[in-house]
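Participant:
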Amino acid sequence: MKHWLGCLTILGLMAGCTQVPVEPAGPSVAQCPAPPASSPAPRTPIAMSCPACPVCAGEIPPTPVPPPAEAFQAAQWADLPEWQRDDLAAAWPGLLASCRAIRAASVKAAWVEPCEAARALGEKPTREAIRGFLENHLQPWAVTNADGSREGLITGYYEPLIQGSRWKSAKNAVPVYAVPSDMLQLDLGEVYPETKSLRLRGRLEERKVLPYWSRAQIDAQGEGFPAKVLLWAADPIEFFFLQIQGSGQVALADGSRVRIAYADQNGHPYRSIGRWLIDQGELTLAQASMQGIQKWAGANPQRLHELLNVNPSYVFFREEAVPVIDGKPAGPKGSLGVPLEATRAIAIDPRSIPLGAPVFIAFQMPDGTPMQRLVMAQDTGGAIRGRVRADFFWGFGKEAGAQAGKMRQQGKLWLLWPRNAALPAVAQ
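Just so you know, we're using our numbering here: the sequence shown kicks off at 2 and counts up by one.
(1) Alpha carbon to alpha carbon, how far is tryptophan 78 from glutamate 136?
(2) Would valine 325 count as contacting chain B if we go by Cβ distances under 7 Å?
(3) Go ahead and pull the three-state DSSP assignment for methionine 184.
(4) When the Cα atoms are used, what is the spatial distance from glutamine 404 to proline 367?
(5) In its own chain, which residues sit with a C-beta less than 7 Å from the C-beta of alanine 422, not counting the 5 before and 5 after it?
(6) For threonine 352 and proline 425, I'd like the C-alpha separation in whole angstroms.
(7) Give the single residue among Arg420, Ala130, Ile385 whose Cα lies nearest to the Cα of tryptophan 93.
(8) Is it a yes or a no for the region 259–268 touching the region 299–315, going by three-plus beta-carbon pairs under 8 Å?
(9) Alanine 358 bridges to which residues according to DSSP?
(10) Under 7 Å between the Cβ atoms of alanine 234 and threonine 145?
(11) What is the DSSP secondary structure of glycine 382, reduced to helix, strand or coil?
(12) Please report the distance separating the alpha-carbon of leucine 189 from that of proline 212.
(13) Which word fits glutamine 32, buried or exposed, when buried means at least 16 other C-beta atoms lie within 10 angstroms of its C-beta?
(14) According to the neighbour-count rule (16 or more other Cβ atoms, all chains shown, within 10 Å of its Cβ), is threonine 64 buried or exposed?
(15) Out of Val180, Trp168, Leu185, Leu139, state which residue places its alpha-carbon closest to the alpha-carbon of arginine 208.
(16) Expressed to the nearest angstrom, what Euclidean distance is found between the alpha-carbon atoms of glutamate 114 and proline 330?
(17) Can you give me the C-alpha to C-alpha distance between glycine 398 and leucine 309, rounded to a whole angstrom?
(18) Just to confirm, are valine 427 and phenylalanine 318 a CB contact at a threshold of 7 Å?
(19) Which same chain residues end up closer than 7 Å to alanine 76 when comparing Cβ atoms and leaving out the 5 residues on each side of it in sequence?
(20) Looking only at its chain, what residues have a beta carbon closer than 8 Å to the beta carbon of glutamate 307, apart from the 5 residues adjacent to it on each side?
(21) Determine the contact status of alanine 118 and histidine 138, defining contact as a CB-CB distance below 7 Å.
(22) Where does leucine 286 land, buried or exposed, given buried means 16+ other C-beta within 10 angstroms?
(23) Look at the alpha carbon of glutamine 281 and the alpha carbon of isoleucine 274, and state the distance between them as a whole number of angstroms.
(24) Can you tell me whether DSSP reads phenylalanine 393 as helix, strand or coil?
(25) Could you pull the start and end residues of the alpha helix (DSSP H) that glycine 335 belongs to?
(26) State the CB to CB distance for the pair glutamine 288 and glycine 335, rounded to an integer number of angstroms; the pair is presumed to be in contact (CB under 8 Å).
(27) Whose C-alpha, out of Ile354, Lys229, Ile294, Glu124, is nearest the C-alpha of aspartate 327?
(28) For the region 275–342, which segments carrying the beta strand (DSSP E) assignment without a break, of at least 3 residues, lie completely within its bounds, in sequence order?
Right under this line is the structure:
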């Protein structure tokens, strides 16, 4: 999913880097007919590069690949389903938060004037005032895939609550690690621009940079693993899903709660345990929801480690307090650094949609109910890759988890971008 080419050249076997096979523009040597015996052997070129590969006599050159479609197609406000019915006041705090937090220079420059106008409206403007602001200052653009299609995958995530303790016990035996002391963070973007979007993590062994430990290797080290244990969780499968969500709350024995927030990751790519269960014939696609996977794990405890180790990715945490805003606990912070509002925030691929931008989303929930509303692109995720691709934040707790765990919907996105500002660049 990430553009790993070049990473292996730099780091050898660096974790998370996979080489993408490139199909030759012409037929391979094995496909070419052998030359007549009397013909001199063809001279092998020192190097070949596509599309200037030699083509065997009589073969038809490959059809040129059309250029990718423009990522953003101009749209009208009327194209946004149920635009006039959306409760825009629910999205307003998130928009103001984005205005305060946008850091990318090119994005920030585009938002200077709209954000000044938004702040002038205050914290609680009327719905009509918000709609007028958006329609006067912004322009909707339909987000479009490279092949020209406008639908893509919409999944869901949430903030879970799990049980845990400050001390290890038979009941609470799953370590919640802080960032390990021996993990290297490698930033080679200035020298090798192709690695700029990659998460490069490693460890040093005899002056060699090696891939950092995988999930299975971390678990195998036990108490010898060089990282501080923040807490001890009770249920390994619940903690595994918390790692996938990126943050969560832990209920302690004294009735208090603490939030553990994403701090770093071991550099290995995410692998779906649901897909593995399907491939193994253990679950059908319809059964491979979060709830279905938990049920399978409960019925097969002897295979739990085998299941979890399918995903080599491992998340490390930091501990945070749970602040209260307007009388209710604030949501976890996303990649933009602001608390996420339930059902009004999404995770996106920042190479396609700028972090902090407002987006209108439209999809059908698993029960057929339409979901059409303004959300803020305030988070990212390891499995969120592509243009029309989003992870919808459902909020905190079991009910939110029940909604998130069932989602694998097709939907559409519209980027709302400042009028007269250059559209954001999109990585191809």
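C-beta atoms are modelled at their ideal positions from N, C-alpha and C, and glycine is treated no differently.
Keep in mind that this is a model prediction, so the values were computed, not measured.
Facilitator: Quick look at the numbers:
(1) Translated into positions along the sequence shown, residue 78 becomes position 77. Translated into positions along the sequence shown, residue 136 becomes position 135. So the two alpha carbons sit approximately 8 Å from each other.
(2) Among the chains in the structure shown there is no chain B, since it carries only a single protein chain.
(3) Counted from its first residue, the sequence shown places residue 184 at position 183. The answer is coil: DSSP assigns methionine 184 none of H, G, I, E or B.
(4) Position 403 of the sequence shown, counting from 1, holds the residue named residue 404. Position 366 of the sequence shown, counting from 1, holds the residue named residue 367. The alpha-carbon atoms of glutamine 404 and proline 367 are separated by roughly 9 Å.
(5) Indexing the sequence shown from 1 puts residue 422 at position 421. Contacts found: Ala111.
(6) On the sequence shown, position 351 is the one that residue 352 refers to. On the sequence shown, position 424 is the one that residue 425 refers to. A quick correction: the sequence has arginine, not threonine, at residue 352. C-alpha of arginine 352 to C-alpha of proline 425: approximately 9 Å in a straight line.
(7) Within the sequence shown, numbered from 1, the residue matching residue 93 stands at position 92. With distances taken between Cα atoms, tryptophan 93 lies closest to Ala130.
(8) With a cut-off of 8 Å on Cβ pairs, the region 259–268 is in contact with the region 299–315, counting three or more such pairs.
(9) As a first step, residue 358 is located in the sequence shown; it is residue number 357 there, counting from the start. Its beta-bridge partners do not exist; DSSP assigns none.
(10) Reading the sequence shown from its first residue, position 233 is the one you call residue 234. Reading the sequence shown from its first residue, position 144 is the one you call residue 145. Not in contact: alanine 234 and threonine 145 (Cβ atoms no closer than 7 Å).
(11) In the sequence shown, the residue the question calls residue 382 occupies position 381. It is coil, neither helix nor strand.
(12) Here residue 189 refers to the residue found at position 188 when the sequence shown is read from its first residue. Here residue 212 refers to the residue found at position 211 when the sequence shown is read from its first residue. Rounded to the nearest angstrom, the two C-alpha atoms are 15 Å apart.
(13) Indexing the sequence shown from 1 puts residue 32 at position 31. Note that glutamine 32 scores a pLDDT of 41, beneath 50, so its modelled location is shaky; the value from the coordinates is reported in the next line. Glutamine 32 comes out exposed.
(14) Locating residue 64 in the sequence shown gives position 63, counting from the first residue. Threonine 64 comes out exposed.
(15) As a working mapping, residue 208 is identified with position 207 in the sequence shown. Measuring from the Cα of arginine 208, the nearest candidate turns out to be Leu185.
(16) As a position in the sequence shown, residue 114 is number 113, starting the count at 1. As a position in the sequence shown, residue 330 is number 329, starting the count at 1. Roughly 31 Å separates the two Cα atoms.
(17) Mapped onto the sequence shown, residue 398 falls at position 397. Mapped onto the sequence shown, residue 309 falls at position 308. Their Cα atoms are separated by approximately 22 Å.
(18) As a position in the sequence shown, residue 427 is number 426, starting the count at 1. As a position in the sequence shown, residue 318 is number 317, starting the count at 1. At the C-beta level, valine 427 and phenylalanine 318 stay beyond 7 Å of one another.
(19) If you number the sequence shown from 1, residue 76 lands on position 75. Result list for alanine 76: Pro141, Trp142, Ala143, Trp415, in chain order.
(20) Residue mapping note: residue 307 aligns to position 306 of the sequence shown, counting from 1. Contacts found: none.
(21) Along the sequence shown, read from residue 1 onward, the residue named residue 118 stands at position 117. Along the sequence shown, read from residue 1 onward, the residue named residue 138 stands at position 137. Yes, they are a contact pair.
(22) On the sequence shown, position 285 is the one that residue 286 refers to. The residue is exposed, with fewer than 16 neighbouring Cβ atoms inside 10 Å.
(23) On the sequence shown, position 280 is the one that residue 281 refers to. On the sequence shown, position 273 is the one that residue 274 refers to. So the alpha carbons of these two residues sit roughly 10 Å apart.
(24) For the purposes of this step, residue 393 is identified with residue 392 of the sequence shown, where counting begins at 1. Correct three-state label for phenylalanine 393: strand.
(25) On the sequence shown, position 334 is the one that residue 335 refers to. Unbroken run through glycine 335: none, as it is neither H nor E.
(26) Counting from 1 along the sequence shown, the entry for residue 288 is found at position 287. Counting from 1 along the sequence shown, the entry for residue 335 is found at position 334. That belief does not hold up - the Cβ atoms of glutamine 288 and glycine 335 are roughly 30 Å apart, past 8 Å.
(27) In the sequence shown, residue 327 corresponds to position 326, counting from 1. Comparing Cα-Cα distances from aspartate 327 to each of Ile354, Lys229, Ile294, Glu124, the minimum goes to Glu124.
(28) 316–321
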